[in-house]
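*Asks:*
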Amino acid sequence: MNIFRLAGDMTHLASVLVLLLKIHTIKSCAGVSLKTQELYALVFACRYLDIFTNFVSLYNTVMKLIFLGSSFSIVWYMRYHKVVRRSYDKDQDTFRHYFLVLPCLVLALLINEKFTFKEVMWTFSLYLEAVAILPQLVLLQRTRNIDNLTGQYVFLLGAYRGLYILNWIYRYFTEPHFVHWITWISGLVQTLLYADFFYYYYQSWKNNQKLHLPA
Amino acid sequence: CYKESPKDEL
């Protein structure tokens, strides 16, 4: 494992922990999209179908369990916790799941490395992860005033994507035959979706202001 | 080799 991959995993982990911390300690999920969180839970559930059958390393297994556990507990908090669920901006978070899930499923059935159930589910999870942030970005645009923790959450997720691209570049040059178009293209699309957010995040950081997104 | 597959990533 190279330093970019490790740093990417750590920022991914940090993003989830920031979100759980916000929800657990402040008992608020204001500005957080339940749609995005449900999509991430679906992404991890589909991607880690091999969690008990394909052992890569203890690190991988533990991280998979953390991502599965944290994504489902965030969804649980937002849906069922008697205090947290009241802070959920239901009327603003109107993005429809199936607009993202169905095209990703069709694409995974058409474009995959091998037409088996596990492989198609794995490919579907990659496509879905690429666009799962969209409901969150739409919600940020609508509410515009973003608290620090929500801003940091999206920033850390974007950093994780950027670091994974560096990891692929590194692996391409250091490992023979490391060519994975599906992973790369969906990863690149995902990272590009953050570009706009990053621009405003940088501006607010530079001017030492609270993050405001334009309408 | 499995180690080179992207499935060793998260």
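Chains U and Z, in that order, are what the protein sequence lines are. Residues in the first sequence are numbered consecutively from 526, following our numbering. Residues in the second sequence are numbered consecutively from 269, following our numbering. Ideal Cβ positions, reconstructed from N, Cα and C, are used throughout, including at glycine.
1. Out of Lys547/U, Ser650/U, Met603/U, Tyr613/U, point me to the one whose CA is closest to proline 628/U's CA.
2. Kindly indicate the opening and closing residues of the alpha helix (DSSP H) around alanine 566/U.
3. Quick one: which unbroken alpha helix (DSSP H) runs of 4-plus residues sit fully inside the stretch 651-699 of chain U? Chain order, please.
4. When the Cα atoms are used, what is the spatial distance from glutamate 272/Z to phenylalanine 640/U?
5. Give me the Cα-Cα distance between threonine 561/U and valine 656/U, rounded to the nearest whole angstrom.
6. What three-state label does DSSP hand methionine 646/U in the structure shown?
7. If you draw a straight line from the C-alpha of threonine 716/U to the C-alpha of leucine 682/U, how long is it?
8. Should lysine 639/U be flagged as near chain Z, meaning a C-beta pair shorter than 8 Å?
9. Listed from N- to C-terminal order along the chain, which residues in the stretch 577-604 of chain U have their beta-carbon within a distance smaller than 9 Å of any beta-carbon of chain Z?
10. Secondary structure at arginine 611/U, three-state DSSP: helix, strand or coil?
11. Could you run through the stretch 533-559 of chain U and flag, in chain order, every residue whose CB is less than 9 Å away from some CB of chain Z?
12. For a test of the three-state rule: what should DSSP assign to methionine 526/U, helix, strand or coil?
13. Just mark phenylalanine 580/U as buried or exposed, buried being the case when its beta carbon has 16 or more other beta carbons within 10 Å.
14. Would you give the residue range spanned by the alpha helix (DSSP H) that threonine 728/U belongs to?
15. Can you tell me whether methionine 526/U is buried or exposed? The criterion is at least 16 other CB atoms within 10 Å of its CB, across all chains shown.
16. Smallest Cα separation from leucine 688/U: which of Leu713/U, Tyr565/U, Gly676/U, Asp614/U?
17. Compare the Cα-Cα distances from arginine 530/U to each of Tyr719/U, Tyr724/U, Arg696/U and report the closest residue.
18. Taking 8 Å as the CB-CB cut-off, is threonine 699/U touching chain Z?
19. From asparagine 673/U to proline 701/U, what does the alpha carbon distance come to, in whole angstroms?
20. Could you list which residues in chain Z have their beta carbon closer than 7 Å to that of histidine 705/U, in chain order?
21. Taking 8 Å as the CB-CB cut-off, is threonine 708/U touching chain Z?
22. Taking 8 Å as the threshold (C-beta atoms), are isoleucine 599/U and leucine 544/U in contact?
23. With a threshold of 16 other CB atoms inside 10 Å of the CB of serine 540/U, please say whether the residue is buried or exposed.
*Replies:* In short:
1. Ser650/U
2. 559-572
3. 659-668, 673-699
4. In this prediction, glutamate 272/Z scores a pLDDT of 49, lower than 50, which makes its location untrustworthy; the coordinate-derived value is nonetheless stated afterwards. Their Cα atoms are separated by approximately 20 Å.
5. 9 Å
6. helix
7. Cα to Cα, threonine 716/U sits roughly 9 Å from leucine 682/U.
8. no
9. Asn579, Val581, Ser582, Asn585, Met588, Lys589, Phe592
10. helix
11. Gly533, Asp534, His537
12. DSSP, read as helix, strand or coil, puts methionine 526/U in coil.
13. exposed
14. It is worth fixing the name first, because residue 728/U is glutamine in this sequence and not threonine. Segment 720-731, the alpha helix (DSSP H) holding glutamine 728/U.
15. exposed
16. Leu713/U
17. In terms of Cα proximity to arginine 530/U, the closest of Tyr719/U, Tyr724/U, Arg696/U is Arg696/U.
18. Judged by the 8 Å Cβ criterion, threonine 699/U is not in contact with chain Z.
19. 42 Å
20. Pro274
21. yes
22. yes
23. buried
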